[in-house]
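Student: Let me begin by handing over the structure; questions about it come next.
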Amino acid sequence: MATISFAGCSPKQEIAYEAPTPERYENPIEIEGQWGSSAATGADGQYGIGDPFVMRFNGKYYLYPSTSDPCSGIKVFESSDLIHWKDMGYAVPESDETSHGAYAPEVVYYDGYFYLCQSRAGQGHYIYRSESPTQGFTLISSSGRSPSDLDYGNIGRGIDGSFYVSDDGRLFLLHTVTPAGLQYTEITDVSDINPDTLGKDTQLGDANLNHWIEGPGIFRRGNFSYLTYAGNHVLSNGYRIAYSYAEDLDDLSSFVQPVDNVTIIDTDEAHRGLGHSSNVNGPDLDSVYTAYHSLVGRGPARRYNLDRYFACGSLLTANGVTHRSVAVPDAPDRGGYADLLQKEAGAYVFGETGDYFTAEYNFIPSARQEVFFGSASGKSYAVQYSGGTLRLLRREGKNENVIAEQNVSLTEGKLVTLRIENGDGVGYLYLNGMRVISYPAKACAGKTGYALSEGVGYTAYTDEVFGTSDFEAFKNFPTRFPATGYLKGEMRGFSIRGARRTEGGVRVGEPESTVRIGDAYAVALERGDWVKYAVDIPEDGTYSLFAEVSAASRGAEICITIGENEVRAFVPSAGEGYRCVRVPLGEIEAAGGVQTMKAEVVSGRAEITFFEAEVTETGAVSLTSYDTVNGAAQTAADGSVTVSGERGVIFWKNTGHTDFEAELTFSCELSVGTDLGFMIRSSDYSYHSAQPAESWRGYYLQLGTSIVTLNRYDYGDFGALGIMRTGDTDLGSGTHTLVIRAAGHAISVDIDGAVVFTARDEFAFLGGRLGVYVGSGSIILHSLKYQAK
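Numbering that gives the first Met the number 0 puts the sequence shown at residues 0 to 788.
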């Protein structure tokens, strides 16, 4: 990562941002040795990488994909950077028929061994054990059937098993349940895994995608844990990833599902069917990446993809759902194996951290072994393990104090992973993924290493912690990102007059002005304050910018600058009882490349939780210039357009503006079973029989004979925003004029010169295009006038 220095700069002089030039990669990533063609894919296809599970162990990443049908064996690949993978052969051999057509294998390192679960052809789970992440896995689960029965090791529990280890050392299996849901089950005895020794099946919190749901996984940043999952069907272009979250997780039933919780979706033919992810810390130890697949053909043929996550409080977002060249994951400040240790004063020094950092130590515990860090001030910390107890010590001279200790169970002679997160006021020690010690951390730069060199594996550290690496990360347009993730350094990344350093704050050691709104964090800016973000813009073009701000920000004026161009917007009032409102900031012309986006409050006070950027098409709009997404649409000789069911969908080109006025004349026949109307600010439409009928994101104005309704859709119907009768007007007879006005979080509908209703949505979809949906029946469109506002 780049080294940043602010020394010698005037506190009143704005410091120019100098962008680094990292190596880049592009999704999807082809992996040598991935599954090839089969009866399912056809001779010209490659099954590729589906349901990618990635785990980190001893400085390497290991990738386990689903097994191509009709094949056996579970492949494994190894990497040091999440981008370049080496084929390591088979973790479960091809000769093991219990792995035939294995669904979604996952692996956990637990109590000194590697455990692998998979669902053979989607028919329940089998669990294996090995001393290596790359080979030697043998079946250890049993079901009470005859050992000669292929289902002998099948313990059931749906599909897509995922391991989770609680901080008190219990091992759980997360899995699906019919008709649609997620559950968790404790594996109470790893030496005897069978249905009788498993714990109770319990619902895994609030997680719902309005139909089938699968692919669960949990990761943590700070005090927030995130549950990600996919749905609804792997063959749908609208397969997607979403999340729920929990603060201070101590009960797997406590996850909360936020509004607008989809993190990964793209239905474009070039990058579609995105889902079934796994989440892992990047090579720098602080960043979080999600590995997922994209659908490329029948089989289902899929490919490996990787994108960065931003996680801050209740907000989890992908740093763009990328299908273009973006920066590779950062390496740690220093990383390597025992050959990098330097013997000094009887100890083995690996390097020297800054005040706030994340470090990882892999070693075999012994009576004389210890890990030390933070010695620059003459004081130092040490971590020791003996007699079943892990201790954190603070030393000054010959004095030694125990800060915290925790009883832990370790298997003798086995490698352990110790992770240290040293923040400003808060620090954590993790042992094999379990948070075992919390301590009042302080700035403690200094040397770090081991008492002994024997049994030492991979060691690394980065002077980033609790997500501070996100601050310097390029924000990959189009994207959504936390507003607290601005660049580091006063007058370089921010100028906030009321900023103060806060122990346990989001910015870790920097002055900040951060407030909590519900479970989210927001940067609070007064008049004249500004923050800057490094943005990676794919190409020259027009981009629509949005923000989510607190209700208390009403009346504030926000100015956004990219290059020489700027846009300004005032914050409207939020609806009663709402903490936040989403605000369109305007459309801005921006050049492609890495540069900065500056957000300044011109008047008032603004508390901003996130920013969002979308590509905006520009150009003329005409009735006959449209994209047929599904079903049938025809243009007649008189210039009219007919859209017919079943599930006919068109979107007009160049209608992706947030604020607009559209006037349409139409005629249609309506009956009790007819389902047709207009799609407003809509995107990501797809169809599959195993997902909701309301499969797009945006708004649907449904026409009835004497009633119209405006509903919010997000792959499911999230309720009516407006319902109104049309009086004596029969929309199923004759020709009618519809006027739609969209402005910020308000949408008004006017039919035949009478205002039917105005609806508000505080969590408004602000992007997307204007279109037509015909679930059944047909509609004739005679004219369209469209004006962006």
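Note that the Cβ used here is the ideal one computed from N, Cα and C, for glycine as well.
1. Measuring straight from C-alpha to C-alpha, what distance separates residue 338 and residue 332?
2. Taking the C-alpha atoms as reference points, what is the distance between residue 602 and residue 199?
3. Starting from the N-terminal side, write out each stretch of the beta strand (DSSP E) that is 3 residues or longer and does not extend beyond the segment 381-428.
4. For the alpha helix (DSSP H) that contains residue 713, what are its first and last residues?
5. Is it right to say residue 187 is buried, meaning 16 or more other beta carbons lie within 10 angstroms of its own, or is it exposed?
6. In whole angstroms, give me the CA-to-CA distance for residue 2 and residue 307.
7. Can you round the beta-carbon distance between residue 444 and residue 51 to whole angstroms, since I take them to be within the 8 angstroms contact cut?
8. Let me confirm a value: residue 104 is counted as buried when at least 16 other C-beta atoms fall within 10 Å, else exposed. Which label applies?
9. Is the segment 431-447 touching the segment 158-166 in the sense that three or more CB pairs, one from each, lie closer than 8 angstroms?
10. Check the DSSP bridge columns for residue 695 and list the partner residues they point to.
11. Have a look at residue 176 and residue 367 and give me their C-alpha separation to the nearest angstrom.
12. Going by DSSP, what residue range makes up the alpha helix (DSSP H) through residue 470?
13. When the distance is taken between beta carbons, is residue 318 closer than 8 angstroms to residue 470?
14. With burial defined as no fewer than 16 other Cβ atoms inside 10 Å of the residue's Cβ, what is the status of residue 344: buried or exposed?
15. Take the Cβ of residue 497 as the centre, count every other Cβ of all protein chains shown within 10 Å, and call the residue buried at 16 or more, exposed below.
16. Going along the chain, which residues of its own chain have a beta-carbon closer than 6 angstroms to the beta-carbon of residue 737, five neighbours each way excluded?
17. In chain order, what residues of the same chain lie with their CB nearer than 6 angstroms to the CB of residue 348, ignoring the 5 residues before and after it?
18. Take residue 723 as the anchor and find which of 714, 732 and 706 has the nearest alpha-carbon.
19. Using the Cα positions of residue 57 and residue 279, report the straight-line distance between them to the nearest angstrom.
20. Where does residue 7 land, buried or exposed, given buried means 16+ other C-beta within 10 angstroms?
21. At which residue ranges does the segment 292-380 contain complete beta strand (DSSP E) runs of 3 or more residues, listed in the order of the chain?
22. Quick one: what does DSSP say residue 734 is sitting in, helix, strand or coil?
23. To the nearest angstrom, how far is it from the Cα of residue 270 to the Cα of residue 27?
24. Over the uninterrupted beta strand (DSSP E) stretch that includes residue 446, give me the two end residues.
25. By Cβ distance below 7 angstroms, which residues in the same chain neighbour residue 71 in space, the five residues on each side in sequence not counted?
26. Do residue 426 and residue 507 count as a contact pair if the criterion is CB distance below 8 angstroms?
27. How long is the line joining the alpha carbons of residue 131 and residue 222, rounded to whole angstroms?
28. So who's on the other strand from residue 457, going by DSSP bridges?
29. Have a look at 391, 379, 587 and 455 and flag the residue whose alpha-carbon is nearest the alpha-carbon of residue 873.
30. So, with DSSP's three-state summary, where would you put residue 29?
31. Can you give the Cα-Cα distance for residue 5 and residue 487, rounded to whole angstroms?
32. Determine, using beta carbons only, whether residue 161 and residue 151 come nearer to each other than 8 angstroms.
33. Which one or two residues does DSSP pair with residue 288 in a beta bridge?
34. Out of curiosity, what's the CA-to-CA distance linking residue 702 and residue 650?
35. Three or more C-beta pairs closer than 8 angstroms, one from the segment 354-371 and one from the segment 454-468: is that the case here?
36. Run the CB neighbour count on residue 466, radius 10 Å, all protein chains shown included, and call it buried at 16 or more, exposed below.
Tutor: A quick look at the data gives this:
1. Taking the sequence shown and counting its residues from 1, the one referred to as residue 338 is at position 339. Taking the sequence shown and counting its residues from 1, the one referred to as residue 332 is at position 333. Those two C-alpha atoms are separated by around 17 angstroms.
2. Translated into positions along the sequence shown, residue 602 becomes position 603. Translated into positions along the sequence shown, residue 199 becomes position 200. The alpha-carbon atoms of residue 602 and residue 199 are separated by roughly 56 angstroms.
3. 388-395, 398-406 and 415-421
4. Within the sequence shown, the letter at position 714 stands for residue 713. No alpha helix (DSSP H) contains residue 713, which is instead part of the beta strand (DSSP E) from 706-713.
5. As a position in the sequence shown, residue 187 is number 188, starting the count at 1. Residue 187 should be labelled exposed.
6. Along the sequence shown, read from residue 1 onward, the residue named residue 2 stands at position 3. Along the sequence shown, read from residue 1 onward, the residue named residue 307 stands at position 308. Confidence at residue 2 is low in this model, with a pLDDT of 44, below 50, so the placement of that residue should be treated as unreliable; the coordinate-derived value is given next. Roughly 21 angstroms separates the two Cα atoms.
7. As a working note, residue 444 is residue 445 in the sequence shown. As a working note, residue 51 is residue 52 in the sequence shown. Contact doesn't hold; Cβ gap of about 37 angstroms is too wide.
8. Mapped onto the sequence shown, residue 104 falls at position 105. The residue is buried, with at least 16 neighbouring Cβ atoms inside 10 Å.
9. yes
10. The residue labelled residue 695 in the question sits at position 696 within the sequence shown. In DSSP, residue 695 forms no bridge with anything.
11. Numbered from 1 along the sequence shown, position 177 holds the residue referred to as residue 176. Numbered from 1 along the sequence shown, position 368 holds the residue referred to as residue 367. For residue 176 and residue 367, the distance between alpha carbons rounds to 48 angstroms.
12. Working through the sequence shown from its first residue, we reach residue 470 at position 471. 468-471 is the extent of the alpha helix (DSSP H) around residue 470.
13. Stepping through the sequence shown from its first residue, residue 470 is reached at position 471. Stepping through the sequence shown from its first residue, residue 318 is reached at position 319. Cβ distance not < 8 angstroms, so residue 470 and residue 318 don't count as in contact.
14. Along the sequence shown, read from residue 1 onward, the residue named residue 344 stands at position 345. Exposed: under 16 other Cβ atoms inside 10 Å.
15. Walking along the sequence shown from the start, residue 497 turns up at place 498. Counting Cβ neighbours within 10 Å, residue 497 comes out exposed, since fewer than 16 surround it.
16. Taking the sequence shown and counting its residues from 1, the one referred to as residue 737 is at position 738. The residues are 663 and 750.
17. Translated into positions along the sequence shown, residue 348 becomes position 349. Cβ neighbours of residue 348 beyond the five flanking positions: 341, 446 and 448.
18. Start at 1 with the first residue of the sequence shown, and residue 723 comes out as number 724. Answer by Cα proximity: 706.
19. The residue labelled residue 57 in the question sits at position 58 within the sequence shown. The residue labelled residue 279 in the question sits at position 280 within the sequence shown. Rounded to whole angstroms, residue 57 to residue 279 spans 14 angstroms at the Cα level.
20. As a working mapping, residue 7 is identified with position 8 in the sequence shown. Since pLDDT at residue 7 reaches only 39, below the 50 mark, its modelled position is unreliable, and no value is offered.
21. 300-311, 314-317, 324-326, 333-335, 341-343, 346-352, 356-362 and 369-372
22. Position 735 of the sequence shown, counted from the start, is the residue given in the question as residue 734. Here residue 734 sits in strand by DSSP.
23. Residue 270 sits at position 271 when you count from the first residue of the sequence shown. Residue 27 sits at position 28 when you count from the first residue of the sequence shown. Rounded to whole angstroms, residue 270 to residue 27 spans 8 angstroms at the Cα level.
24. For the purposes of this step, residue 446 is identified with residue 447 of the sequence shown, where counting begins at 1. Run containing residue 446: 445-449, per the beta strand (DSSP E) assignment.
25. For the purposes of this step, residue 71 is taken as residue 72 along the sequence shown, with counting starting at 1. Once the five neighbours on either side are set aside, the close Cβ partners of residue 71 are 93, 95, 96, 98 and 99.
26. Position 508 of the sequence shown, counting from 1, holds the residue named residue 507. Position 427 of the sequence shown, counting from 1, holds the residue named residue 426. Not in contact: residue 507 and residue 426 (Cβ atoms no closer than 8 angstroms).
27. Working through the sequence shown from its first residue, we reach residue 131 at position 132. Working through the sequence shown from its first residue, we reach residue 222 at position 223. Distance between the alpha carbons of residue 131 and residue 222 is about 31 angstroms.
28. Counted from its first residue, the sequence shown places residue 457 at position 458. Residue 457 pairs with nothing; no bridge assigned.
29. Past the edges of the chain, shown from 0 to 788, lies residue 873, and the structure says nothing about it.
30. The residue you call residue 29 lines up with position 30 of the sequence shown. Here residue 29 sits in coil by DSSP.
31. Along the sequence shown, read from residue 1 onward, the residue named residue 5 stands at position 6. Along the sequence shown, read from residue 1 onward, the residue named residue 487 stands at position 488. Confidence at residue 5 is low in this model, with a pLDDT of 46, below 50, so the placement of that residue should be treated as unreliable; the coordinate-derived value is given next. If I take the Cα positions, the gap works out to 10 angstroms.
32. Residue mapping note: residue 161 aligns to position 162 of the sequence shown, counting from 1. Residue mapping note: residue 151 aligns to position 152 of the sequence shown, counting from 1. Taking 8 angstroms as the Cβ cut-off, residue 161 and residue 151 do not qualify as a contacting pair.
33. Locating residue 288 in the sequence shown gives position 289, counting from the first residue. According to DSSP, residue 288 bridges with 279 and 307.
34. The residue you call residue 702 lines up with position 703 of the sequence shown. The residue you call residue 650 lines up with position 651 of the sequence shown. Taking the straight line joining both Cα atoms gives about 18 angstroms.
35. yes
36. Counted from its first residue, the sequence shown places residue 466 at position 467. With 16 or more Cβ atoms within 10 Å of its Cβ, residue 466 is classed as buried.
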